[in-house]
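**Student:** For reference, each letter of the sequence shown is one residue, going 11 to 502 in full-length UniProt numbering. Below is one structure. I have some questions about it.
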Amino acid sequence: REPFSEKLRVPESLTFDDVLLRPMESRVEPDDADVSTRVSTNVELNIPILSAAMDTVTESGMAIGMAREGGLGVLHRNMTIEQMVDEISHIKRADELVIPRDDVVTASPEQTVSDVDAMMEHAGVSGAPVVDDEDTVLGIISGTDIRPYLEVGETDAVREAMTDEVITAGEDVTAREALELMYDYKIERVPIVDAEDHLVGLVTMQGILQRREHENAARDDDGALLCGVAVGPFDEERAVAADEAGADVIFIDCAHAHNLNVIDAARAIAENVAADVVVGNIGTREAAEEVVDFADGVKVGIGPGSICTTRVVSGSGMPQISAVAEVADVAGPQDVPVIADGGIRYSGDAIKAVAAGADAVMLGSFFAGTDEAPGRVITMNGKKYKQYRGMGSVGAMKSGGGDRYLKDEPDEEEDYVPEGVEAATPYKGSLASELHQLVGGMQSGMGYVGAETIPHFKEKSKFVRVSAAGQTEGHPHDVMITDEAPNYSPNE
Ligand code: XMP
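Pasting the structure below:
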């Protein structure tokens with residue numbers, strides 16, 4: 011056999027702080043750098059950013075926020091399948107143009123005006139289509155119609171008060187057409203009807219304006235926000251339910267996807283769902299070779315995460331820049347997108363991951379302190395924090411999902427062998443401002459390299475190796491910071 015001492019002839023593996031992007035000739039202004047990318051074979055994003063599938067990071071609030079900014083939130087899986095389906099539908103309906111029939115508040119012609127007034131106030135709407143028992147649209151009633159009836163005619167029927175010349179549109183109406191109708195007729199809502207004049211939905215001015223606010227949003231072909239969902243490698247039932255509920259990308263969520271049982275199960279899931287399937291996590295060329303023939307995307311990261319203890323607990327892992335590069339060497343030629351997951355503290359780390367071959371990056375701790383993350387703000391010693399915990403921490407494993415670490419669920423709490431910690435992270439305010447800093451920093455990196463698009467940047471960028479002295483030089487030094495920068499904290 012080979013002498014043991016041969017094992018010590020080890021290849022060097024590098025991570026974020028070991029490298030910097032070599033500055034190059036450029037005519038690219040950072041603001042002009044195009045950061046759109048692919049997260050999986052068929053799903054495109056406008057920013058190359060994903061929020062982690064963790065129970066202190068991504069539920070529907072975060073996923074809606076991420077997609078509105080052009081990225082993708084990946085729902086965690088410490089919830090029941092029913093809760094997951096509800097969360098997906100919440101995301102899919104968040105910015106919808108046409109509110110579906112079941113969600114439209116309607117009035118009947120025989121109801122009293124005061125009754126409808128109370129009903130609309132309770133539902134938080136300012137108008138309602140009036141329909142008969144067959145759901146045929148007879149008119150529309152709004153606060154303006156009701157006002158003259160208040161007090162003197164409250165018991166009059168809606169039929170008296172409603173506007174009966176109602177402007178409707180067909181099911182294939184576009185946002186532009188609906189808006190034109192609203193301007194032409196000075197109305198704020200347009201009932202959507204089928205060929206028999208039956209109510210099938212409603213378009214509101216408020217809904218259209220909300221969509222306009224998020225021009226860069228990542229949407230599906232129907233205009234709904236994109237949604238990612240994590241599922242356990244052996245949970246095909248959850249994967250199929252997510253697929254049927256409209257998830258765009260299903261993430262096979264495992265700490266070690268190079269386990270061959272995981273690969274068999276992931277392959278079966280990929281064959282049985284219509285959504286794209288991203289498989290992870292992996293960290294080596296050999297693992298990539300196993301998954302690229304059936305996966306629509308691969309996710310890289312064995313132990314780089316801020317709350318991970320995988321490397322110290324198991325003694326196994328791969329420094330993240332090398333891991334991404336090895337996987338990208340295999341996935342790139344097969345045209346399978348690569349996602350770098352974990353360990354990103356600064357925007358500079360994110361763009362280094364792209365230079366190493368990633369098409370997009372996934373972050374947990376970066377977003378856990380934002381308003382959009384689940385959980386409340388806590389104050390300790392006068393400073394605000396939010397909870398952030400590893401999905402392999404005892405607390406998170408007790409809430410389900412321990413199979414991410416391929417372990418059976420123990421009977422006793424002390425029998426868990428965690429691979430993550432439970433922590434607090436500084437409260438950061440809105441997700442949009444965090445993303446602004448993150449994406450803006452990545453665009454600066456593209457400017458220094460002189461690449462206008464992510465694919466060009468991946469091809470053109472080069473690394474230089476940084477010594478310990480070089481790392482120290484790269485952070486603020488020999489000064490006392492007096493005003494905190496929005497994108498740099500010495501304690502991070
Ligand atoms: P960051 O550094 O962005 O990392 O906070 C988020 C990623 O870390 C992974 N993750 C874990 N890894 N033990 C681990 O070894 C854990 O308990 C754990 N929880 C999350 C995951 O890939 C996530 O996206």
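The beta-carbon is built from N, C-alpha and C at its ideal position, and this holds for glycine as well. This one's a predicted model, so the numbers in the text were calculated from it and none came from an experiment.
What's the call for Glu-502, buried or exposed, on a 16-neighbour Cβ count within 10 Å?
**Tutor:** Note on Glu-502: pLDDT 49, under 50, position unreliable in the model; the coordinate value appears next. The residue in question, Glu-502, is exposed, as its Cβ has fewer than 16 Cβ neighbours within 10 Å.
**Student:** Sort out for me which residues DSSP pairs Asp-286 with in a bridge.
**Tutor:** Val-259
**Student:** Is Thr-482 near the ligand XMP, judged by its Cβ being under 6 Å from some heavy atom?
**Tutor:** no
**Student:** For the ligand XMP, is there a heavy atom less than 6 Å away from the beta-carbon of Met-76?
**Tutor:** no
**Student:** Whole-angstrom Cβ separation of His-224 and Arg-103, contact assumed at under 8 Å?
**Tutor:** Rounded, the Cβ-Cβ distance is 15 Å, inconsistent with contact.
**Student:** Report buried or exposed for Tyr-398, applying the criterion of at least 16 other Cβ atoms within 10 angstroms of its Cβ.
**Tutor:** buried
**Student:** Can you have a look at Ile-464 and say buried or exposed, based on whether 16 or more other CB atoms are within 10 angstroms of its CB?
**Tutor:** buried
**Student:** Buried or exposed, going by whether 16 or more other CB atoms sit within 10 Å of the CB of Ile-491?
**Tutor:** exposed
**Student:** Pull up the distance between the alpha-carbon of Arg-32 and that of Val-108, whole angstroms please.
**Tutor:** Approximately 49 Å, taken between the alpha carbons.
**Student:** On the three-state DSSP scale, how would you describe Gln-397?
**Tutor:** Strand, per DSSP.
**Student:** Could you spell out where the alpha helix (DSSP H) holding Pro-465 opens and where it closes?
**Tutor:** 464-470
**Student:** DSSP state of Ser-499, grouped into three classes?
**Tutor:** coil
**Student:** Taking only heavy atoms of the ligand XMP into account, decide whether any of them is closer than 6 Å to the Cβ of Glu-382.
**Tutor:** no
**Student:** Could you spell out where the beta strand (DSSP E) holding Asp-351 opens and where it closes?
**Tutor:** 348-351
**Student:** Could you please give the first and the last residue of the uninterrupted alpha helix (DSSP H) stretch that includes Ile-91?
**Tutor:** Ile-91 -> alpha helix (DSSP H) spans 91-104.
**Student:** Assign Asn-271 to one of two classes, buried (16 or more other C-beta atoms within 10 Å of its C-beta) or exposed (fewer than that).
**Tutor:** exposed
**Student:** Is the separation between the beta-carbon of Gly-238 and that of Val-259 shorter than 7 Å?
**Tutor:** yes
**Student:** Looking at the unbroken alpha helix (DSSP H) that takes in Ala-73, where does it start and where does it end?
**Tutor:** For Ala-73, the enclosing alpha helix (DSSP H) begins and ends at 70-78.
**Student:** Nearer than 6 Å: is that true of the beta carbon of Leu-373 relative to any heavy atom of the ligand XMP?
**Tutor:** In terms of side-chain proximity, the C-beta atom of Leu-373 is found nearer than 6 Å to a non-hydrogen atom of the ligand XMP.
**Student:** Using DSSP with H/G/I as helix, E/B as strand and the rest coil, what is Lys-362?
**Tutor:** helix
**Student:** For Gly-412, tell me which candidate among Pro-428, Glu-424 and Val-67 has the shortest Cα-Cα distance.
**Tutor:** Pro-428
**Student:** For the ligand SAH, I want to know if Gly-385 counts as a neighbour, meaning its beta carbon is within less than 6 Å of at least one of the ligand's heavy atoms.
**Tutor:** As for the ligand SAH, it is missing from this structure, which binds only the ligand XMP.
**Student:** Shorter than 6 Å, the distance from the beta carbon of Met-401 to the closest heavy atom of the ligand XMP, or not?
**Tutor:** yes
**Student:** Give the secondary structure of His-208 by DSSP, where H, G and I count as helix, E and B as strand, and everything else as coil.
**Tutor:** The DSSP-derived three-state label of His-208 is strand.
**Student:** Going by DSSP, what residues sit across from Met-452 in a beta bridge?
**Tutor:** According to DSSP, which records beta bridges pairwise, Met-452 is partnered with nothing at all.
**Student:** Taking just the CA atoms, how far does Glu-190 sit from Lys-136?
**Tutor:** According to the sequence shown, residue 136 is Ser rather than Lys. C-alpha separation (whole angstroms): 20 Å.
**Student:** Tell me which residues share the same chain as Asp-96 and place their Cβ nearer than 7 Å to its Cβ, disregarding the 5 neighbours each side in the sequence.
**Tutor:** none
**Student:** Out of Val-288, Asp-65 and Asp-263, state which residue places its alpha-carbon closest to the alpha-carbon of Ala-433.
**Tutor:** Asp-65
**Student:** Rounded to whole angstroms, what is the Cα-Cα separation between Val-459 and Val-449?
**Tutor:** 15 Å
**Student:** Can you grab the Cα-Cα spacing for the pair Met-456 / Asp-207, in whole Å?
**Tutor:** 53 Å
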